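Here's the structure we're looking at; comments come further down.
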Amino acid sequence: MKYLEERNIGFDVGLTKVPLVCQSCLFDLTVGDAFARPDKEMGYEVCVNAEKFNYQDGNFGAGTGATVGKISGMERCMKSGIGSYALQIGELKVGAVVAVNSLGDIYNYETGEKVAGLISDDKKTFLSTDEVLYKNYSARENKFIENGNTTLAVVLTNAAFKKSNLCKIADMAHDGYARSIKPVHTTADGDSIYAVSLGNLIADQDIVGTLVAQVVSEAILRAVYSAESDYGYVSAKDLEK
């Protein structure tokens, strides 16, 4: 907020412009120090560094503590990260950044192949989260407390849209989650997607919504394949070796 205020960016209330900042937190308290907290200075530094474009896929930013496939606890999950993908059709540009931190397993949306998620004790072979889930259909009050999950995404376009249009585009972007994460949108997941308009190009809402679902799925794959093994959790690239 300080960074934006210094640059006179925000909602104009007459006397000043109030910077309105929305945010989501990724649940990774089971990784590293559960009591480490970001502060105001770190937030400001992130904004300054963003001017230099220092973004990286993998174990960076929100991807540092991201994991997937946690239905059987942290002992059987795999390391994930943050990923990005973008495409352009004519003048239309669409992109996505996804921090993949899911209860479910991750699949290649084009081939159906599982690429990360629940693994066996030997950390060499995959198990099925769906099959584990189906073995016990008894109601459980709070599955989230056993293994916190929060898959977060931002989809961006240079097309001009109002808030109502962006809400629909964000809704369509969730199809990218559904194609790539299984199971998805459970009560143990904090799945969220933000849609942002960054330009003035006139484009069809449905076309953009269809494209963002694709780039979200691609970004999920980038997040998984860019992640490095860490904190005792094996990554997809190391599982294949």
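When you read off a place in the sequence shown, starting at 1, and then add 95, the result is the number in this note's numbering. In this text, a Cβ means the ideal position worked out from N, Cα and C, and glycines have one as well. Remember, predicted model here, so these are calculated numbers, not experimental data.
Going by alpha carbons, who is nearest to residue 283 out of 191, 163 and 103? 163
Discussion item. Give me the DSSP bridge partner(s) of residue 173.
Written reply: 163
query = Exposed or buried, which one is residue 118 when buried takes at least 16 other CB atoms within 10 Å?
reply = Residue 118 should be labelled exposed.
Measure the CB-CB distance between residue 173 and residue 329 and report whether it falls below 8 Å. The answer is yes: Cβ separation under 8 Å.
For residue 338: DSSP bridge partner residues:
No answer is possible for residue 338: it lies beyond the span of the chain, which begins at 96 and ends at 336.
Which one of 334, 260, 275 and 128 has the shortest CA to CA distance from residue 206? With distances taken between Cα atoms, residue 206 lies closest to 275.
Item to check | Nearest-angstrom Cβ-Cβ length linking residue 261 and residue 292, presumed shorter than 8 Å | outcome: Correct: roughly 6 Å between the Cβ atoms.
* Measure the CB-CB distance between residue 244 and residue 285 and report whether it falls below 8 Å. => yes
- Message: By the DSSP assignment, the beta strand (DSSP E) with residue 104 in it spans what residues?
- Response: Here residue 104 belongs to no beta strand (DSSP E), and DSSP marks it neither H nor E.
- Query: Can you tell me whether residue 124 is buried or exposed, with buried defined as 16 or more other CB within 10 angstroms of its CB?
  - Reply: So residue 124 ends up on the exposed side.
Taking the alpha-carbon positions, what's the residue 97 to residue 121 distance? 23 Å
Q: May I ask whether a heavy atom of the ligand FAD can be found less than 7 Å away from the beta carbon of residue 201?
A: In terms of ligand content, the structure shown is empty, and the ligand FAD therefore cannot be addressed.
Worksheet item: CB-CB under 7 Å to residue 203, same chain, minus the five flanking residues each way: which ones, in chain order?
Response: 210 and 316
For residue 301, report the span of its alpha helix (DSSP H) as first-last. Per DSSP, residue 301 belongs to the alpha helix (DSSP H) from 300-321.
Comparing C-alpha positions only, which one of 331, 334 and 326 sits nearest to residue 128? 326
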